[in-house]
């Protein structure tokens, strides 16, 4: 595939975005709603909040993995039951203005939903979704992508990328799907110079310097696994309220619940977002609950992000967007927690902890 | 790449008719189910002992039960009809709704899911099945298969434990198991759970197991029961000289999707529905204590 790249100004970017909106696909982009920036389908390019930095309150995962959806439906016909397919996945969509951390989050979702038995609804949406990511030229206070192996200009999970340079944009094709988005529009665009491409590296370095977080070391996974029963977890998770806002805003959290919503005539098997930090998540019918305390549940969430990896090359399941840090009502910080847990485990020795 | 059309819906169940049922105890029932659609019945691939299924009560929800009867395998001519049995206790919303259903009514089934007991590795070996309460349901398929192919295995001891005499499952079929040469059935109830005419053992399963003085040499122990029972059983097994590789159990975690996606049944990196539910004691020792 031809990795084409161009340098365009703000007006050209907006003009292209409008052309996409006028096309066949639904365009979903960050918009400001009551003072909060959220991903929403847009009808005009002016609505989109596409800035050199800053992120939406919620990740865009709900456009691939909705908060709630029917997995199949049924009708009662006397003594019989008639099964029906779930509502079809809608028109193809473009997720425009997705931050690098969030597009990595989509790649983490792919690993869950497209591995083993494929999830047909997710697969259909993923297939008909094109991701236009936008690199960051500055870090928000809560950001820590570079501490977990990500990059403010990372391309993972995206099909086309915008990089903010010189008050304009360096734009580049990442996949064939992304290539299809530019079409004739690109005929009038100026090809990116070597200097423009070099700026990307400068941005990456610049943002990395702004992120004052110690990196999470790849080898910590094994330390965390070895210190599973370390007493420090009680202290580290003491303040967790179990509200699960962390999981809901997380771009890579993918746990879900399944329940029947029905009346006397019809019903559906409904899938909804769920979180391992909820008390009844693992509650057995017998009454036994393997994760009986908020501390055990918080530990599960943290370890599922940073431990239990098959090998050291496997990415962490935390992409470093920092939303959980910014929104936790108890002020818990996942990087601080991991750092402190590793320190405590190393101090006491894993043998003492078991 | 047309993912969408190539992928069948793994969540949509097959419709099954309740062909019959047996009440094991006042709150435990075994259902017999048959496919309503003859094409689905013909294409059903059967299962292996230890695998489980998701059972739907339309309007109430889905529950996970072990596939409890002797594995059905197609004879290839499409003439035989698969019957699926599950044994469940009335505990929550779905099981209460399921318990209230009658013969001829429609439920959903999807599966089989999970791994299975390595029965073929047990050939020529002596076997002990230890089931605590409803835990027997997860062992029944394997027990019935072993009893059916008894000549391939050594001596078989089946230890069926319950809280009280009234809570003991599979009461009516135990005499049939016992009648097979080389099969010994030991029944036990917790102290205080006996009746005046109780002729079985009285004692907690781990203690009764120790009392049997079954030497470990090469013997395979297959156990399923509540976590607290397994905890003490493993202590007894260790004391009696059993190696963790000799002991097989099942992790019966809360599950929803059955295909490793919903994230509910994880024990560390181990997804019980996808990688389990059957594990050896040795494998269990490698997992974090999160079950």
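Residue numbers (this note's numbering), protein chains in the order written: chain G, 1180 to 1533; chain A, 32 to 322. C-beta: ideal position from N, C-alpha, C; glycine also.
Quiz item: Among 1431/G, 1204/G, 1450/G and 1460/G, which residue has its Cα nearest to the Cα of residue 1495/G?
Solution: If we check each option's Cα against that of residue 1495/G, 1431/G comes out closest.
Self-check item: C-beta neighbour in chain G for residue 287/A, strict 8 Å
Solution: By the rule that beta-carbons nearer than 8 Å mark a contact, residue 287/A touches chain G.
Quiz prompt | Residues that residue 1438/G contacts on chain A, provided the C-beta gap is smaller than 7 Å | solution = Near residue 1438/G (Cβ distances below 7 Å), the residues of chain A are 92.
Quiz item: Exposed or buried, residue 1330/G, counting other C-beta atoms within 10 Å across all chains shown (16 or more means buried)?
Solution: buried
Exercise. Using the Cα positions of residue 333/A and residue 1410/G, report the straight-line distance between them to the nearest angstrom.
Key: Look at the range of chain A in this structure, 32 to 322, and you will see that residue 333/A is not part of it.
Exercise. Could you name the residues of chain G that residue 40/A contacts, counting a contact when the two beta carbons are closer than 9 Å?
Key: 1250, 1251, 1264, 1265, 1299 and 1300
Exercise. Kindly identify the DSSP beta-bridge partner or partners of residue 1452/G.
Key: 1435/G
Quiz item: Going straight from the alpha carbon of residue 1347/G to that of residue 1232/G, what length do you get?
Solution: 13 Å
Quiz item: Taking just the CA atoms, how far does residue 241/A sit from residue 1423/G?
Solution: 45 Å
Quiz item: Do we get a CB-CB distance below 8 Å when we pair residue 46/A with the residues of chain G?
Solution: yes
Quiz item: Got a sec: which bits of the region 1452-1476 of chain G sit with their beta carbon under 8 Å from any beta carbon on chain A, in order along the chain?
Solution: Listed by position along the chain: 1453, 1455, 1460, 1461, 1462, 1463, 1464, 1465, 1467, 1469, 1470 and 1475.
Self-check item: Distance between residue 1397/G and residue 1529/G (C-alpha atoms, nearest Å)
Solution: In this predicted model, residue 1529/G has a pLDDT of only 48, less than 50, meaning its place in the structure is not dependable; the value taken from the coordinates is given anyway. Approximately 17 Å between the Cα atoms of the pair.
Quiz item: If you draw a straight line from the alpha carbon of residue 1303/G to that of residue 1268/G, how long is it in whole angstroms?
Solution: 7 Å
Quiz item: For the alpha helix (DSSP H) that residue 265/A lies in, which residues bound it at each end?
Solution: 258-270
Quiz item: Per DSSP, what kind of secondary structure is residue 1429/G in: helix, strand or coil?
Solution: coil
Exercise. Look at the Cβ atom of residue 1310/G, then the Cβ atom of residue 1284/G, and state whether they are nearer than 8 Å.
Key: no
Practice problem: Would you list, in sequence order, the uninterrupted alpha helix (DSSP H) runs of no fewer than 4 residues that lie entirely inside the region 136-195 of chain A? | Solution: 167-179
Exercise. Check residue 58/A in the structure and name its three-state DSSP category.
Key: Three-state result, residue 58/A: coil.
Self-check item: Proximity to residue 1505/G [Cα-Cα], best of 1199/G, 1227/G, 1184/G and 1235/G
Solution: 1235/G
Quiz item: Do residue 157/A and residue 186/A have their C-beta atoms within less than 8 Å of each other?
Solution: yes
Practice problem: Leaving aside the five residues before and after residue 1208/G along the sequence, list all residues of the same chain whose C-beta is less than 6 Å from its C-beta, in chain order. | Solution: Correct list, in chain order: 1221, 1227, 1275 and 1276.
Quiz item: Which partner residues does residue 1369/G have in the DSSP bridge list?
Solution: 1186/G
Exercise. With DSSP as the reference, please indicate the residues paired to residue 1263/G in a beta bridge.
Key: DSSP output for residue 1263/G lists 1252/G as bridge partner(s).
Quiz item: Using the C-alpha atoms, what's the distance from residue 1280/G back to residue 252/A?
Solution: 49 Å
Quiz prompt | residue 1477/G, DSSP secondary structure in three states | solution = Residue 1477/G carries a helical assignment under DSSP once its states are collapsed to helix, strand and coil.
Quiz item: Excluding five sequence neighbours on each side, which residues of the same chain lie with their C-beta closer than 6 Å to the C-beta of residue 267/A?
Solution: Spatial neighbours of residue 267/A in its own chain (CB-CB distance under 6 Å, excluding positions within 5 residues in sequence) are listed in chain order as 237, 240 and 241.
Self-check item: Chain-ordered neighbours of residue 1408/G on chain A, where CB pairs are closer than 9 Å
Solution: 319 and 320
Quiz item: What is the C-beta distance between residue 1246/G and residue 1451/G, in whole angstroms, given that I count them as a contact (C-beta under 8 Å)?
Solution: 6 Å
Practice problem: Please name the residue or residues paired with residue 1348/G in a DSSP beta bridge. | Solution: 1187/G and 1343/G
Quiz item: So, helix, strand or coil for residue 1272/G, using DSSP?
Solution: strand
Quiz prompt | Contacts that residue 89/A makes with chain G (C-beta to C-beta distance below 8 Å) | solution = What residue 89/A touches in chain G: 1253, 1255, 1260, 1439, 1441 and 1446.
Exercise. Measure the CB-CB distance between residue 121/A and residue 58/A and report whether it falls below 8 Å.
Key: yes
Quiz item: Is it a yes or a no for the region 1505-1520 of chain G touching the region 1453-1467 of chain G, going by three-plus beta-carbon pairs under 8 Å?
Solution: No: fewer than three Cβ pairs fall under 8 Å.
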